[in-house]
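In terms of my numbering, the sequence shown opens at residue 6 and continues consecutively.
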Amino acid sequence: MEAPKPGAPTVSQDDRGGDADFRAAAKKVFAPDQAAARAALESFLVTHPGHRLQTAALVLLARVQLASNDLAGAKTSLERVGSSPSPDVIFLSGLLAGRQGQHKRAVELLQPFLAEKPPLVGGQTDPDAGHLLHAAMAESLATTDPVAAIEQWDQYRSLDETREHERAYARHRAGQVAERTPGEVALNALAKPCSPFVRALLGPRAVAALRARGDE
6 MEAPKPGAPT VSQDDRGGDA DFRAAAKKVF APDQAAARAA LESFLVTHPG HRLQTAALVL
66 LARVQLASND LAGAKTSLER VGSSPSPDVI FLSGLLAGRQ GQHKRAVELL QPFLAEKPPL
126 VGGQTDPDAG HLLHAAMAES LATTDPVAAI EQWDQYRSLD ETREHERAYA RHRAGQVAER
186 TPGEVALNAL AKPCSPFVRA LLGPRAVAAL RARGDE
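Take a look at the structure:
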């Protein structure tokens with residue numbers, strides 16, 4: 006179902022039926038049934054063209070499309086938002102860039118959010134935003150700054166709402182990065198203050214580098 010572009014002709018931008026339909030669709034976005042969320046948002050966009058919450062609906066649709074790995078759909082939805090993107094559009098654009106392999110662009114877009122909480126998405130609190138942020142940063146930094154990537158996985162696993170299987174996943178991915186980290190890079194990292202998690206993962210690489218030098 007094709008959604009109209011924001012600014013399309015409308016009968017009323019404040020119809021109460023549209024407000025109710027948006028609220029109903031928004032409640033589905035972070036629920037398990039992503040297909041139902043997508044259908045509800047697409048229905049809202051078609052049924053209430055030009056409604057004042059069209060932009061929020063497009064942002065939420067892009068979030069659902071990212072969760073479903075529909076990268077082309079997410080790109081289209083974000084493009085329909087138009088110019089002067091809001092923080093949530095920038096945030097989702099960063100996640101999308103990371104998924105598309107545009108790692109430098111992803112870091113540029115997402116790094117500012119590390120200093121504060123991730124933004125509301127379409128006016129809604131995204132319960133997974135913190136995990137998405139740190140995972141995207143970690144994946145995007147893995148080849149250019151492996152130490153920073155491991156630190157991002159450490160941040161991921163340290164979030165209050167992190168579940169045990171998510172902690173295991175973060176350790177696994179961070180371990181893979183550590184295995185590819187040059188020994189000298191590991192040594193330099195451990196010469197500076199770092200978390201126990203980073204130290205534990207990079208320690209073997211640093212020891213191997215010292216052995217290679219004959220300095221152990």
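For glycine and all other residues, C-beta sits at the position ideal for the given N, C-alpha and C.
Owing to the predicted nature of the structure, the values given are computational and were not obtained by experimental measurement.
Asked                                                                                                                                                          : Found
Counting pairs of beta carbons, one from the stretch 108 to 117 and one from the stretch 55 to 72, are three or more of them closer than 8 Å?                  : no
Under 7 Å Cβ to Cβ from P92, same chain only, skipping five residues before and after it: list those, please.                                                  : P124
Candidates G22, Q116, L66 and T149: which alpha carbon is nearest A41's?                                                                                       : L66
Go through its chain and collect everything with a Cβ distance to P77's Cβ below 6 Å, but skip five positions before and after it.                             : The sequence as given places Ala at residue 77; Pro does not occur at that position. Result list for A77: empty, nothing under 6 Å.
Just how far apart, CA to CA, sit E156 and A102?                                                                                                               : 20 Å
Indicate whether the contact test is met: 3 or more Cβ pairs, each with one atom in the stretch 181 to 194 and one in the stretch 204 to 212, closer than 8 Å. : yes
Taking C-alpha atoms, which residue in D24, A29 and M142 lies nearest to R104?                                                                                 : M142
Assign V34 to one of three DSSP states: helix, strand, or coil.                                                                                                : coil
Taking Cβ to Cβ, would you say D75 is nearer than 9 Å to F49?                                                                                                  : no
Give the DSSP-derived three-state secondary structure of Q107 in the structure shown.                                                                          : coil
For H53 and F35, what's the separation of their Cα atoms in angstroms?                                                                                         : 22 Å
What's the gap between the Cα of A183 and the Cα of D159?                                                                                                      : 12 Å
Would you report the Cα separation of G23 and V86, rounded to the nearest angstrom?                                                                            : 18 Å
Within 10 angstroms of the Cβ of A31, are there 16 or more other Cβ atoms? Answer buried if so, exposed if not.                                                : buried
What would DSSP say about D20, mapped onto helix, strand or coil?                                                                                              : coil
Here's the rule: buried if 16 or more other CB atoms are within 10 angstroms of the residue's CB, otherwise exposed. What is P151?                             : buried
On a CA-only basis, which of D38, C199 and G127 is nearest S82? Give me that one, please.                                                                      : G127
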